[in-house]
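S.K.:
Number of protein chains: 2
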Amino acid sequence: MAKAGRRPGPSQTREQIIRAAREQFAERGYTRTTLRSVAAAAQVHPGLLHHYFGTKQQLYRDALDLPVDPWEVLTRLLTGTPRDQFADALARQFVSTWRDPIAGARLRAMARRTYGDADATSMARAHLETVLIPRFASALDVPEANVAAALSHLIGLTLLDTLIGVDQLTSLSDEDLVALIAPAISRYLTPGRQPVSRAPHRQHRPSSG
Amino acid sequence: MAKAGRRPGPSQTREQIIRAAREQFAERGYTRTTLRSVAAAAQVHPGLLHHYFGTKQQLYRDALDLPVDPWEVLTRLLTGTPRDQFADALARQFVSTWRDPIAGARLRAMARRTYGDADATSMARAHLETVLIPRFASALDVPEANVAAALSHLIGLTLLDTLIGVDQLTSLSDEDLVALIAPAISRYLTPGRQPVSRAPHRQHRPSSG
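See below:
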């Protein structure tokens, strides 16, 4: 680590790295972005990225400006909750975080960016597709499609409840909202409860006639 | 109807009306916006709005630039499908429309506007909350919260499948995707299958101690 990169002020450098990371995550996806490739684009020494962010996942989280690390939350829920209560706990976590005045406001701003802008969408895709969904599926021992389906329900719920904010959901207490959706989430995340093939699914349509 | 409004060229007038409608739907919501109030804001004769749009719902649809009228689609499904196959048909309709190269592209553009921009979000809220969800719930005889929950799942699905586009869903055939989520949708939309109180739900938390 003898060769030092260029060094402007620390907070300026950090911003420069974050900007480069956002661009690369959006363009190359999560897998093909590395601390080293971001360091090169930001024209700083790779050691600085380790210093500021530690891991690629942390850099990604900071680039997304997420108030919570979804994987950290999942891990905590997975280890701290009996499996038959997991879906309930997950739904409760989602509802309370998105309804939280501080964390929720930051998440909603992030969601608006993510859904409103194609670059931000591909950044989210990379992380969901290659990191979050596979890890989650393997930890729960259910097909990845089931995790994606459960996530789609939770994401849609936060959208209708906190971003669009229809009265039919916002008028429910946290507990009633959790009770409403937890059975559907549970169905997706309970092993063996809904057999979905893990094989590639692209079907050939039978030719008619 | 003797008093005529100002009359620029027809397509210019239509655009002027659409712009005024978008503003009003976003600011006042769906219920408090009328053909007459939009005509006043656009400074045209109310008769022109009847001529161009017929009804407030059509004006709303044109203001949203939707390629399909959700209520029209629902009505067709409700009348043409046996009740025990309705959830399946609804999921199939959602998946095929959003995956359609032409209609889907327009819907995705609309979704990006809706989720990305606070004004567009309140425009969507008004219509969902006061028109679509109540009508849908009453046609199906299920609580409005159940319709909102089912919609949230479908909306989240199109988001993950066609807007974010995670591989775990995009790799599924239409039929496999429908088979994956239809049971959850069915559960929300089958009367009596999931009792959820229709009364206002805001709970008072019991004081501890």
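Those protein sequence lines, which keep their order, are chains A and B.
Numbering of the first sequence is given in the working numbering, commencing with residue 111 and proceeding in unit increments.
Numbering of the second sequence is given in the working numbering, commencing with residue 111 and proceeding in unit increments.
Glycine included, every Cβ here is placed at the ideal spot set by N, Cα and C.
1) Classify T143(A) as helix, strand or coil using the three-state DSSP reduction.
2) Looking at the structure shown, is G190(B) part of a helix, part of a strand, or coil, going by DSSP?
3) Could you say if the region 216 to 230 of chain B and the region 278 to 296 of chain B meet the contact criterion of at least three C-beta pairs nearer than 8 Å?
4) Among W208(A), L273(A) and A197(A), which one has its Cα closest to the Cα of L176(A)?
5) For chain B, find out if any of its Cβ atoms is closer than 7 Å to the Cβ of R235(A); answer yes or no.
6) T231(B) versus chain A: which residues are under 7 Å apart at the beta carbon?
7) Please compile the residues from chain A whose C-beta is within a distance smaller than 8 Å of the C-beta of A259(B).
8) Taking only the alpha-carbon atoms, compute the straight-line gap between M326(A) and V241(B) and give it to the nearest angstrom.
9) If you draw a straight line from the C-alpha of A249(B) to the C-alpha of R297(B), how long is it?
10) What distance in whole Å lies between the Cβ atoms of I295(B) and L200(B), which are believed to be in contact at a cut-off of 8 Å?
11) Using C-beta distances below 7 Å, list every residue in its chain close to D172(B), excluding the 5 sequence neighbours before and after it, in chain order.
12) Could you tell me which chain A residues have their CB closer than 8 Å to the CB of R193(B), listed as they occur along the chain?
13) So that I know if they touch, is there some Cβ in chain D lying closer than 7 Å to that of R222(A)?
14) Decide yes or no for the touch test of the region 260 to 275 of chain B against the region 262 to 280 of chain A: beta carbon pairs closer than 8 Å, at least 3 of them.
15) So, for F246(A): in the same chain, excluding its five sequence neighbours on each side, which residues have a beta-carbon less than 7 Å away from its beta-carbon?
16) Answer yes if the region 147 to 156 of chain B comes into contact with the region 119 to 139 of chain B, meaning at least three C-beta pairs across the two stretches below 8 Å, and no otherwise.
17) So which residues of chain B does A255(A) contact, with C-beta pairs closer than 9 Å?
18) Taking any Cβ of chain A, which residues in the region 126 to 159 of chain B have a Cβ under 8 Å from it, in chain order?
19) Below 9 Å between beta carbons is the criterion; list the residues of the region 163 to 190 of chain B that meet it against any residue of chain A, in chain order.
20) With a threshold of 7 Å between beta carbons, is S262(B) in contact with chain A?
21) Can you have a look at I212(A) and say buried or exposed, based on whether 16 or more other CB atoms are within 10 angstroms of its CB?
22) Residues in the same chain with beta-carbon distance under 7 Å from A260(B), minus the five sequence neighbours each way, listed in chain order, please.
23) Would D284(A) and V205(A) be called neighbours here (beta carbons separated by less than 7 Å)?
24) What did DSSP end up calling P301(B) once you bin it into helix, strand or coil?
25) Can you name the start and end residues of the alpha helix (DSSP H) that G266(B) belongs to?
26) For chain A, check one thing: does any of its Cβ atoms lie closer than 7 Å to the Cβ of G226(B)?
27) Given that a residue counts as buried once 16 or more other Cβ atoms are within 10 Å of its Cβ, and exposed if not, what is H161(B)?
28) Is V205(B) helix, strand or coil by DSSP?
29) Give the secondary structure of P177(B) by DSSP, where H, G and I count as helix, E and B as strand, and everything else as coil.
30) Can you tell me whether H237(B) is helix, strand or coil according to DSSP?
31) Give the straight-line distance between the Cα atoms of R222(A) and A219(B), rounded to the nearest whole angstrom.
M.R.: On the basis of the supplied data:
1) Position 33 of the first sequence, counted from the first residue, corresponds to residue 143(A). Reduced to three states, the DSSP call for T143(A) is coil.
2) Sequence index remark: in the second sequence, residue 190(B) carries index 80 (1-based). Three-state DSSP puts G190(B) in a helix.
3) At 8 Å Cβ cutoff, the stretches do not touch.
4) Here residue 176(A) is taken as the residue at index 66 of the first sequence, counted from 1. Among W208(A), L273(A) and A197(A), the Cα nearest to that of L176(A) belongs to W208(A).
5) Taking the first sequence and counting its residues from 1, one reaches residue 235(A) at position 125. Yes, contact with chain B.
6) As a working note, residue 231(B) is residue 121 in the second sequence. Within chain A, the C-beta atoms nearer than 7 Å to that of T231(B) come from L273 and I274, in chain order.
7) For the purposes of this step, residue 259(B) is taken as residue 149 along the second sequence, with counting starting at 1. Residues of chain A passing the Cβ test: L267, L279, L290, I291 and A294.
8) Residue 326(A) falls outside the range modelled here, since chain A spans only 111 to 319, and no answer is possible.
9) Walking along the second sequence from the start, residue 249(B) turns up at place 139. Walking along the second sequence from the start, residue 297(B) turns up at place 187. Computed Cα separation, rounded: 16 Å.
10) Position 90 of the second sequence holds residue 200(B). Position 185 of the second sequence holds residue 295(B). Contact annotation, L200(B) with I295(B): C-beta distance approximately 6 Å; criterion of less than 8 Å satisfied.
11) Here residue 172(B) is taken as the residue at index 62 of the second sequence, counted from 1. Same-chain partners within the cutoff: I128 and F163.
12) Counting from 1 along the second sequence, the entry for residue 193(B) is found at position 83. The contacting residues do not exist; R193(B) stays about 20 Å from chain A at best.
13) In the structure shown, chain D cannot be found, because the protein chains are A and B.
14) Verdict: yes, contact present.
15) The count along the first sequence starts at 1 and reaches residue 246(A) at position 136. Apart from sequence neighbours up to five positions away, the residues of its chain that approach F246(A) with a beta-carbon distance below 7 Å are L184 and V257, ordered along the chain.
16) In short, these stretches touch, since the Cβ pair count reaches three.
17) Working through the first sequence from its first residue, we reach residue 255(A) at position 145. Q278, L279, S281, L282, D286, L287 and L290, listed in chain order.
18) Taking 8 Å as the Cβ-Cβ cut-off against chain A, none of the residues of the region 126 to 159 of chain B qualify.
19) Nothing from the region 163 to 190 of chain B brings a Cβ to less than 9 Å from some Cβ of chain A.
20) Position 152 of the second sequence, counted from the start, is the residue given in the question as residue 262(B). Yes, because at least one Cβ of chain A sits closer than 7 Å to the Cβ of S262(B).
21) Along the first sequence, one-based indexing puts residue 212(A) at 102. Looking at its Cβ environment, which holds fewer than 16 other Cβ atoms inside 10 Å, I212(A) is exposed.
22) Locating residue 260(B) in the second sequence gives position 150, counting from the first residue. These residues qualify, in order along the chain: I295, Y298 and L299.
23) Translated into positions along the first sequence, residue 284(A) becomes position 174. Translated into positions along the first sequence, residue 205(A) becomes position 95. Yes; because the gap between Cβ atoms is below 7 Å, this pair is in contact.
24) In the second sequence, residue 301(B) corresponds to position 191, counting from 1. Three-state result, P301(B): coil.
25) As a first step, residue 266(B) is located in the second sequence; it is residue number 156 there, counting from the start. Annotation: the continuous alpha helix (DSSP H) that includes G266(B) extends over E254 to T268.
26) If you number the second sequence from 1, residue 226(B) lands on position 116. Yes - at least one Cβ of chain A is within 7 Å of the one on G226(B).
27) In the second sequence, residue 161(B) corresponds to position 51, counting from 1. By the 10 Å Cβ count, H161(B) comes out exposed.
28) For the purposes of this step, residue 205(B) is identified with residue 95 of the second sequence, where counting begins at 1. Helix, per DSSP.
29) Sequence index remark: in the second sequence, residue 177(B) carries index 67 (1-based). Coil at P177(B), not helix or strand.
30) Mapped onto the second sequence, residue 237(B) falls at position 127. In the three-state reduction of the DSSP assignment, H237(B) falls in the helix class, which pools H, G and I.
31) For the purposes of this step, residue 222(A) is taken as the residue at position 112 of the first sequence. For the purposes of this step, residue 219(B) is taken as the residue at position 109 of the second sequence. Rounded to whole angstroms, R222(A) and A219(B) show a C-alpha spacing of 14 Å.
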